[in-house]
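Okay, so here's the structure we're looking at.
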Amino acid sequence: MITVDVHLDEDSGAAMAGDVRRGLSGPRKELAPKYFYDERGSQLFEQITELPEYYPTRVEREILVERSSEIVAAAGAPATLVELGSGSAAKTRHLLSAMRDAACLRTYVPVDISEEITHETAECLVEEYPGLEIHGLVCDFEHHLERIPDRDGGRIIAFLGGTIGNLYPEPRREFLARLAAMLGPDDRLLLGTDLVKDRARLEAAYNDSAGVTAEFNKNVLSVLNRELDADFDLDAFEHVADYDADRERMDIRLRSLADQAVRVTELDLEVEFAAGEEIRTEISAKFTRQGLERIYADAGLGLAGWFTDAGADYALSLARRA
Ligand code: SAH
Ligand code: AVI
């Protein structure tokens with residue numbers, strides 16, 4: 011009942027090497043957030059979801075607990091749930107249960123870049139949902155969308171957790187346009203988006219008092235140390251996360267605490283940092299309904315359902331191909 015196809019090969023190693031070389035060679039240093047998620051990074055993200063300050067997971071769960079049946083009905087009770095960036099699929103159970111209760115559930119397709127968590131998730135779910143067919147894909151959803159199987163009976167393509175906010179506007183538009191082109195008449199996108207709110211709550215969510223987000227952020231340096239034989243000293247960088255109100259996004263960086271040089275042996279690259287110089291590791295965009303409707307329209311999608319929590323902190327929206 012479980013198959014997991016792994017599409018991370020030598021090409022992805024070469025892609026990482028190219029990304030990191032470009033990201034660390036220019037005047038404004040940057041690393042892509044997908045490199046956070048090795049086994050340790052996925053575990054740290056799971057810890058983030060339980061932090062008192064990190065509200066997005068809690069409020070998205072609240073919506074799913076209360077509205078999953080309605081969401082599944084509004085999506086036409088499809089047979090397949092595809093999930094991009096599925097991780098542990100902790101909240102996804104509410105959707106799967108609603109699909110099982112509506113007697114439409116046949117297949118779950120978790121799609122994630124982290125191989126370990128995708129295997130673990132598939133094994134847990136097949137026990138929890140007897141008869142469920144699981145077809146996992148370990149790949150980069152920005153590059154391998156075409157590997158997602160097309161199925162009879164309609165699909166919900168869920169992209170939860172607010173991960174869409176980790177894409178810059180232009181790659182986000184391209185990604186959503188490619189998703190739109192994949193949607194048949196019976197398919198719906200189900201998108202989780204964190205909503206614009208006051209700076210204090212946003213900044214607290216990304217600067218937790220237990221320091222887990224700082225550890226998660228620095229974990230990308232451990233990934234480079236292991237994968238590219240780099241010699242980053244994690245104690246020589248500090249975690250920085252603040253809200254850019256003009257761009258409506260969190261801006262997350264690592265700041266060098268000293269003048270230092272880092273060697274990335276696999277790239278034959280020496281990277282110099284001045285004290286105070288930063289590497290951006292992630293953005294996390296926050297949305298409004300109006301803004302999202304425009305984003306959908308620009309990508310060839312149309313809003314087909316809007317579900318928020320009581321505090322209007324977060325939205326799940328359904329979209330169809332326009
Ligand atoms: N959906 C879960 C996890 C969100 S964390 C939740 O809502 O809690 C983001 C997830 O997306 C991680 O599991 C990470 O491994 C995955 N991910 C990040 N970038 C990715 C990419 N480019 N391709 C595939 N998966 C990616
Ligand atoms: C996965 N993604 C939606 C998280 C976010 O909130 O942007 C990642 C994260 N980064 C720091 N804390 C959580």
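Under the working numbering, think of the first position of the sequence shown as 11, with each following residue one higher.
Even glycine gets a Cβ: it sits at the ideal position worked out from N, Cα and C.
Could you tell me whether the Cβ of residue 150 comes closer than 8 Å to any Cβ of chain C? This model lacks chain C altogether; it includes just one protein chain.
For the region 154-212, which segments carrying the alpha helix (DSSP H) assignment without a break, of at least 4 residues, lie completely within its bounds, in sequence order? 179-192
Which ranges would you report for the beta strand (DSSP E) in the region 213-278 if only whole runs of at least 3 residues count? 247-254, 259-266, 270-274
Under the three-state reduction of DSSP, which class applies to residue 283: helix, strand or coil? strand
Integer Cβ distance of residue 124 from residue 52, believed to fall under 8 Å: 5 Å
Of the choices 11, 244, 240, 211, whose alpha-carbon is the least far from that of residue 138? 11
Check whether residue 294 and residue 262 have beta carbons under 8 Å apart: yes
Residue 52 beta carbon near the ligand SAH (any heavy atom closer than 7 Å): yes
Are the CB atoms of residue 202 and residue 164 within a distance shorter than 8 Å? no
Does any heavy atom of the ligand SAH sit closer than 7 Å to the C-beta of residue 144? no
Examine the ligand SAH and report whether any of its heavy atoms sits within less than 7 Å of the Cβ of residue 124. yes
Restricting to Cα atoms, I'd like to know which of 104, 300, 305 is closest to residue 189. 305
Shorter than 7 Å, the distance from the beta carbon of residue 223 to the closest heavy atom of the ligand AVI, or not? yes
For residue 98, count the other beta carbons within 10 Å of its own beta carbon; 16 or more makes it buried, fewer makes it exposed. Which is it? buried
Does the distance between the C-beta of residue 262 and the nearest non-hydrogen atom of the ligand AVI fall short of 7 Å? yes
Candidates 84, 153, 217, 296: closest to residue 323 by CA position: 296
Give me, in chain order, the residues of the same chain whose beta-carbon lies closer than 7 Å to that of residue 270; leave out the 5 immediate sequence neighbours on both sides. 246, 283
Sort 41, 91, 182 by Cα distance to residue 108 and report the nearest one. 91
Compare the Cα-Cα distances from residue 186 to each of 14, 26, 329 and report the closest residue. 329
Can you round the beta-carbon distance between residue 273 and residue 240 to whole angstroms, since I take them to be within the 8 Å contact cut? 7 Å
Is residue 178 buried or exposed, if buried means 16 or more other CB atoms sit within 10 Å of its CB? exposed
Under 8 Å between C-beta atoms of residue 115 and residue 84: no
Quick one: does the C-beta of residue 176 sit closer than 7 Å to a heavy atom of the ligand AVI? yes
Unbroken alpha helix (DSSP H) run spanning residue 308, endpoints: 299-308
Is residue 266 buried or exposed, if buried means 16 or more other CB atoms sit within 10 Å of its CB? buried
For residue 26 and residue 292, what's the separation of their Cα atoms in angstroms? 16 Å
Within the present structure, is the beta-carbon of residue 275 separated from the nearest heavy atom of the ligand AVI by less than 7 Å? no
Comparing the CB of residue 47 with every heavy atom of the ligand SAH, is any distance shorter than 7 Å? yes
Could you give the DSSP three-state label for residue 54: helix, strand or coil? helix
According to DSSP, is residue 33 helix, strand or coil? helix
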